[in-house]
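**Q** Here it is, the structure in full.
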Amino acid sequence: MAYRDQYTGHQEFNPYSNPQPHASYEEPHAAAYDNYGPGYQDTAYPAAGPTKTRDADEISSGFDRGEFGSPRGEKAQNFSQYRREFRNENLWIKGGRVSCIGRFFCCTLMIAVFLIVSIVLALALWIRPPSIIIGSAGLTSAGTSGIQFQTSGIVVPLEVNISVNNPDYFSVELKQVTLDLTYPLDGNDTAIGNGSTSDITFHSHSNTTFTFPFEINYQFSTDPNYAILLDMASKCGILGGSQSDITIDYNIKVDLKIIFIPVSPTISNSFSISCPFDESELEDFIKSLGLSSIVGLL
25 MAYRDQYTGH
35 QEFNPYSNPQ
45 PHASYEEPHA
55 AAYDNYGPGY
65 QDTAYPAAGP
75 TKTRDADEIS
85 SGFDRGEFGS
95 PRGEKAQNFS
105 QYRREFRNEN
115 LWIKGGRVSC
125 IGRFFCCTLM
135 IAVFLIVSIV
145 LALALWIRPP
155 SIIIGSAGLT
165 SAGTSGIQFQ
175 TSGIVVPLEV
185 NISVNNPDYF
195 SVELKQVTLD
205 LTYPLDGNDT
215 AIGNGSTSDI
225 TFHSHSNTTF
235 TFPFEINYQF
245 STDPNYAILL
255 DMASKCGILG
265 GSQSDITIDY
275 NIKVDLKIIF
285 IPVSPTISNS
295 FSISCPFDES
305 ELEDFIKSLG
315 LSSIVGLL
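Under the numbering used here, the letters of the sequence shown match residues 25 to 322, in that order.
Here it is in structure tokens:
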């Protein structure tokens with residue numbers, strides 16, 4: 025149906041009135057390109073050529089052709105030859121006598137070190153440190169007769185019993201024990217004595233008690249004001265009042281040897297000892313130092 029514009033008088037195109045019919049789908053495919061002129065060909069998809077056959081070298085991998093080393097057969101042959109050579113030759117004597125001796129020495133040394141370390145580590149799993157009990161300190165068997173009043177100070181021999189319980193299945197050697205004494209007074213610690221002992225064996229699964237000797241070595245050079253002497257005199261009851269124990273701090277260092285392992289524990293504590301002096305002797309000694317006016321003694 026055609027429509028005429030009333031203003032222009034032109035007739036509109038009617039798609040349904042086209043007299044030319046559409047091309048039939050049954051026409052050959054080549055007929056669709058007849059309108060493009062003679063000689064036109066559809067080259068978007070060129071015709072497939074003859075199939076090319078691959079050579080055997082292209083099919084095989086680079087490893088087979090030996091691009092990354094020797095071929096498989098050659099590698100296997102070289103490896104077999106290597107194994108045969110080292111199987112047939114004794115490696116211990118290879119390289120001459122010096123090399124043989126050096127090789128044997130190094131191997132023996134490494135095996136010995138490995139065994140020693142293994143044994144020590146295995147025993148270390150079962151090591152328990154010995155327990156140490158320190159008893160009360162007191163005068164030696166000589167009593168007050170062993171005390172020395174000197175112009176430079178006072179020497180008091182003392183001793184203490186130390187008990188050591190060894191729970192291990194091997195002995196423990198005590199190489200040395202050292203003790204340092206200090207006198208605590210007014211916040212100051214003054215060195216006042218020492219002691220030492222050595223070479224004691226604690227057998228396995230045993231409880232050993234030994235007597236450790238030490239001494240109070242009080243010197244006026246370390247206490248020019250006689251503060252420690254007057255404090256000990258006060259605790260002995262010479263300056264009046266009741267007697268009380270004298271407290272002395274100690275620091276003990278123990279050097280033990282457990283199998284091949286050295287152990288050095290340190291023990292710090294204090295002794296509380298009763299007055300070791302005879303009252304009359306100490307009083308006379310204080311008077312000889314010219315301290316009667318200080319302490320009120322006649």
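Heads up, the beta-carbon is just placed ideally off N, CA and C, and yes, glycines get one too.
For residue 293, which residues of its own chain have a beta-carbon under 6 Å away from its beta-carbon, when the five flanking residues on both sides are left out?
**A** So no residue of the chain qualifies.
**Q** Just list the beta strand (DSSP E) runs in the region 152–218, keeping only unbroken ones of 3 residues or longer that don't cross its boundaries, in chain order.
**A** Complete beta strand (DSSP E) runs here, min 3: 155–163, 177–190 and 196–209.
**Q** Under the DSSP definition of a beta bridge, which residues are partnered with residue 233?
**A** Its beta-bridge partners are 187.
**Q** Residues in the same chain with beta-carbon distance under 7 Å from residue 284, minus the five sequence neighbours each way, listed in chain order, please.
**A** Hits under 7 Å: 144.
**Q** To the nearest angstrom, how far is it from the Cα of residue 301 to the Cα of residue 199?
**A** Computed Cα separation, rounded: 33 Å.
**Q** Where residue 195 and residue 309 are concerned, what is the direct C-alpha to C-alpha distance, given to the nearest angstrom?
**A** Distance between the alpha carbons of residue 195 and residue 309: 49 Å.
**Q** How about the region 203–217 and the region 243–261: do they share at least three Cβ pairs that are nearer than 8 Å?
**A** Touching, yes, given that three or more Cβ pairs across the two stretches are closer than 8 Å.
**Q** Per DSSP, which one or two residues make a beta bridge with residue 239?
**A** Looking at the DSSP assignment, residue 239 forms a beta bridge with 181 and 218.
**Q** Buried or exposed for residue 161, going by 16 or more other Cβ atoms inside 10 Å?
**A** Buried: at least 16 other Cβ atoms inside 10 Å.
**Q** With C-beta atoms as the reference, is residue 236 less than 7 Å away from residue 278?
**A** Not closer than 7 Å, so no.
**Q** Mind checking residue 205: buried by the 16 CB within 10 Å criterion, or exposed?
**A** Counting Cβ neighbours within 10 Å, residue 205 comes out buried, since at least 16 surround it.
**Q** Cα-Cα, which of 165, 189, 239 and 254 is closest to residue 225?
**A** Measuring from the Cα of residue 225, the nearest candidate turns out to be 189.
**Q** Excluding sequence positions up to five away, which residues of its chain have a Cβ less than 8 Å from the Cβ of residue 303?
**A** Excluding sequence neighbours, residue 303 sits near 260, 261 and 262.
**Q** Compare the beta carbon distance of residue 238 and residue 219 with 7 Å and say whether it is the shorter of the two.
**A** Going by C-beta atoms, residue 238 is nearer than 7 Å to residue 219.
**Q** Can you give me the Cβ contacts of residue 305 inside the same chain, cut-off strictly under 8 Å, excluding the 5 residues immediately before and after it?
**A** So the list reads 168, 171 and 173, once near-sequence residues are dropped.
**Q** Which stretch, first to last residue, makes up the beta strand (DSSP E) that contains residue 296?
**A** Its beta strand (DSSP E) spans residues 290–297.
**Q** Give me the Cβ distance between residue 182 and residue 270, rounded to the nearest whole Å; I'm assuming they're in contact under 8 Å.
**A** That belief does not hold up - the Cβ atoms of residue 182 and residue 270 are roughly 11 Å apart, past 8 Å.
**Q** Leaving out five residues before and five after residue 268 in sequence, what residues of the same chain have Cβ atoms less than 6 Å from its Cβ?
**A** Result list for residue 268: 259, in chain order.
**Q** Grouping DSSP H, G and I as helix and E and B as strand, with all else coil, what is residue 263?
**A** Coil at residue 263, not helix or strand.
**Q** Give the straight-line distance between the Cα atoms of residue 299 and residue 257, rounded to the nearest whole angstrom.
**A** Cα to Cα, residue 299 sits roughly 9 Å from residue 257.
**Q** Return the residue from the list 255, 177, 179 and 197 that minimises the CA-CA distance to residue 222.
**A** Nearest option by C-alpha distance: 197.
**Q** Counting only the same chain and skipping the five closest in sequence on each side, list residues whose C-beta sits under 6 Å from that of residue 201.
**A** So the list reads 221 and 278, once near-sequence residues are dropped.
**Q** Please classify residue 234 as buried or exposed, where buried requires at least 16 neighbouring CB atoms within 10 angstroms.
**A** Exposed, because fewer than 16 other Cβ atoms sit within 10 Å of the Cβ of residue 234.
**Q** So the candidates are 296, 297, 295 and 276; which of them puts its Cα closest to the Cα of residue 288?
**A** When each option's Cα is compared against that of residue 288, the closest is 276.
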